[in-house]
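Enquirer: Residue numbers (my numbering), protein chains in the order written: chain D, 1 to 170; chain E, 171 to 272.
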Amino acid sequence: MAQFLFLLFAIFTVLCAVGVVVNKNAVNASICLILCLVGVAGLFVLLDAYLLAFVLLLVYAGAVAALFLFIVMLLDVQGKETFGLRGFRTIAGFVAFALLLAGIGSVALKGQIVSSPPVSVAGGAQLKLYAYQLFTTYLLPVQIIGFLLLISMLGVIVLSKKHEIAEDAQ
Amino acid sequence: MMTASLNAYVIVSAVLFAIGFFGVLIRRNTLIVFMSLELMLIASTLALVAFSRVNGTMDGNVFVFFILTVAAAEVAVGLAIIVALFRRRQTVQIDQLDTLKN
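(1) Hey, is threonine 239 of chain E's beta-carbon within less than 8 Å of any beta-carbon in chain D?
(2) Look up asparagine 177 of chain E in the DSSP assignment and say whether it is helix, strand or coil.
(3) Can you give me the C-alpha to C-alpha distance between valine 95 of chain D and leucine 101 of chain D, rounded to a whole angstrom?
(4) Hey, how far is the Cα of threonine 90 of chain D from the Cα of leucine 195 of chain E?
(5) Compute the distance between the beta-carbons of aspartate 268 of chain E and arginine 198 of chain E, then report whether it is under 8 Å.
(6) Using the Cα positions of alanine 246 of chain E and phenylalanine 221 of chain E, report the straight-line distance between them to the nearest angstrom.
(7) In chain order, which alpha helix (DSSP H) runs of at least 4 residues are fully inside the region 29-81 of chain D?
(8) Does the region 224-232 of chain E come close enough to the region 202-209 of chain E to have 3 or more Cβ pairs within less than 8 Å?
(9) Does the distance from the C-beta atom of leucine 33 of chain D to that of phenylalanine 256 of chain E stay below 8 Å?
(10) Roughly how many whole angstroms lie between the Cα atoms of phenylalanine 12 of chain D and leucine 67 of chain D?
(11) Skipping 5 residues on each side, what residues in its chain have a beta carbon closer than 8 Å to that of valine 45 of chain D?
(12) Spatial neighbours of alanine 61 of chain D within its chain, please: C-beta separation below 7 Å, excluding the five flanking residues on both sides.
(13) Figure out for me which residue from D/Thr137, D/Ala65 and D/Gly155 has the closest Cα to the Cα of isoleucine 251 of chain E.
(14) Could you check which residue in D/Leu51, D/Gly103 and D/Ser152 has the C-alpha nearest to that of alanine 131 of chain D?
(15) How should glycine 190 of chain E be labelled, buried or exposed, when 16 other C-beta atoms within 10 angstroms of its C-beta is the threshold for buried?
(16) Tell me where the alpha helix (DSSP H) around tyrosine 130 of chain D begins and ends.
(17) Comparing alpha-carbon positions, which option in E/Phe235, E/Phe187, E/Leu201 and E/Val185 lies nearest isoleucine 71 of chain D?
(18) Could you please tell me which residues of the region 189-218 of chain E, in chain order, have their CB closer than 8 Å to any CB of chain D?
(19) So which of D/Leu99, D/Ala92, D/Leu159 and D/Met73 has the shortest CA-CA distance to arginine 258 of chain E?
(20) Let me see if you follow: with CB-CB separation under 8 Å, is arginine 154 of chain E close to chain D or not?
(21) Please report how far the alpha carbon of alanine 92 of chain D lies from the alpha carbon of glycine 193 of chain E, in whole angstroms.
(22) Starting from the beta carbon of alanine 26 of chain D, find every residue of chain E whose beta carbon is closer than 7 Å, and list them in chain order.
(23) State yes or no: is the C-beta of serine 106 of chain D within less than 8 Å of the C-beta of alanine 243 of chain E?
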């Protein structure tokens with residue numbers, strides 16, 4: 001059953017990721033991104049990371065992808081993107097993609113990641129374990145992350161403010 | 171509930187990363203390039219969770235927390251930059267943002 005679910009979620013996620021990349025319309029691409037995140041959250045559930053699956057849906061699909069949709073609608077970009085498959089960069093893109101796929105193939109066929117059989121964290125990773133780690137081992141990173149969020153908030157305010165001097169110069 | 175092997179999870183994560191990388195290289199719309207970037211971050215997150223699950227430690231999961239936070243901050247700042255850029259240049263196509271080229 002879990003095997004079937006894994007296949008289902010994996011194929012769904014990869015298809016939605018392809019949808020993000022090949023979609024001409026930015027709105028459709030962000031919808032595909034949300035679906036892809038739902039698939040990844042399903043994979044997280046299969047990996048017993050229930051809390052992370054929930055946080056992923058909440059933060060990413062709820063906030064980040066919605067923010068993307070807002071910006072797409074705000075900018076009102078017409079679908080005039082030149083999505084021509086030509087030029088040096090396209091060739092470079094295909095070559096890089098092929099190289100990455102070859103690397104994945106070699107890992108899949110030859111490399112075997114040696115690992116002990118899965119140790120079960122009792123009943124999956126519980127909230128208490130996260131809290132314990134976050135407030136003991138990773139206390140300083142938590143503080144730094146909080147500071148980073150503050151800085152990014154200020155940065156967004158500064159960036160989205162209209163600069164009168166620059167406007168005059170134009 | 172983990173019957174699929176670690177290899178399978180790592181392969182899915184790597185395929186996601188490759189697709190995101192491809193999108194970053196090939197697309198010209200800045201917003202979609204940004205979405206592909208998010209895809210790559212998510213792929214690394216999946217690999218971290220899988221490794222953490224197999225090793226029975228919490229470190230990977232906690233790292234995913236930090237990655238999610240940093241990604242949220244990054245999206246906010248990046249989208250603000252794109253909006254400022256659009257206000258100045260009236261375009262978000264990468265081909266037309268070539269002031270540094272000449």
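All residues carry an ideal CB built from backbone N, CA and C; glycine is no exception.
Expert: Looking at the coordinates:
(1) By one-based count along the second sequence, residue 239 of chain E stands at place 69. At least one chain D Cβ lies under 8 Å of threonine 239 of chain E.
(2) Against the second sequence, residue 177 of chain E aligns to sequence position 7. Helix at asparagine 177 of chain E.
(3) Within the first sequence, residue 95 of chain D is the residue found at index 95, counting from 1. Within the first sequence, residue 101 of chain D is the residue found at index 101, counting from 1. In a straight line, the C-alpha of valine 95 of chain D is about 10 Å away from that of leucine 101 of chain D.
(4) Looking up residue 90 of chain D in the first sequence gives position 90. Looking up residue 195 of chain E in the second sequence gives position 25. If you take the alpha carbons of threonine 90 of chain D and leucine 195 of chain E, they lie about 7 Å apart.
(5) Here residue 268 of chain E is taken as the residue at index 98 of the second sequence, counted from 1. Here residue 198 of chain E is taken as the residue at index 28 of the second sequence, counted from 1. No, they are not a contact pair.
(6) Sequence index remark: in the second sequence, residue 246 of chain E carries index 76 (1-based). Sequence index remark: in the second sequence, residue 221 of chain E carries index 51 (1-based). The alpha-carbon atoms of alanine 246 of chain E and phenylalanine 221 of chain E are separated by roughly 29 Å.
(7) 50-55 and 65-75
(8) no
(9) Stepping through the first sequence from its first residue, residue 33 of chain D is reached at position 33. Stepping through the second sequence from its first residue, residue 256 of chain E is reached at position 86. The answer is no: Cβ separation not under 8 Å.
(10) Within the first sequence, the letter at position 12 stands for residue 12 of chain D. Within the first sequence, the letter at position 67 stands for residue 67 of chain D. Distance between the alpha carbons of phenylalanine 12 of chain D and leucine 67 of chain D: 23 Å.
(11) Here residue 45 of chain D refers to the residue found at position 45 of the first sequence. Closer than 8 Å at the Cβ level, and outside the excluded window around valine 45 of chain D, lie Ala53.
(12) Translated into positions along the first sequence, residue 61 of chain D becomes position 61. The residues are Ile34, Leu37 and Val38.
(13) What you label residue 251 of chain E is simply residue 81 of the second sequence in a count that begins at 1. Considering only alpha carbons, the answer is D/Gly155.
(14) Walking along the first sequence from the start, residue 131 of chain D turns up at place 131. Taking only the C-alpha atoms, the option nearest alanine 131 of chain D is D/Leu51.
(15) Numbered from 1 along the second sequence, position 20 holds the residue referred to as residue 190 of chain E. Under this definition glycine 190 of chain E is a buried residue.
(16) Working through the first sequence from its first residue, we reach residue 130 of chain D at position 130. Where tyrosine 130 of chain D is concerned, the enclosing alpha helix (DSSP H) stretches over 127-135.
(17) Counting from 1 along the first sequence, the entry for residue 71 of chain D is found at position 71. Checking every option, the nearest Cα to that of isoleucine 71 of chain D belongs to E/Leu201.
(18) Ile189, Gly190, Phe191, Phe192, Gly193, Leu195, Ile196, Arg197, Arg198, Asn199, Leu201, Ile202, Phe204, Met205, Ser206, Glu208, Leu209, Ile212, Thr215 and Leu216
(19) Numbered from its first residue, the second sequence carries residue 258 of chain E at position 88. The residue with the shortest Cα to Cα distance from arginine 258 of chain E is D/Leu159.
(20) Residue 154 of chain E lies beyond the stretch modelled for chain E, which goes from 171 to 272, so this question has no answer here.
(21) Stepping through the first sequence from its first residue, residue 92 of chain D is reached at position 92. Stepping through the second sequence from its first residue, residue 193 of chain E is reached at position 23. Spanning the two alpha carbons is a distance of roughly 12 Å.
(22) Position 26 of the first sequence, counted from the first residue, corresponds to residue 26 of chain D. The answer, in chain order, is Asn199, Leu201 and Ile202.
(23) As a working mapping, residue 106 of chain D is identified with position 106 in the first sequence. As a working mapping, residue 243 of chain E is identified with position 73 in the second sequence. No. Outside cutoff.
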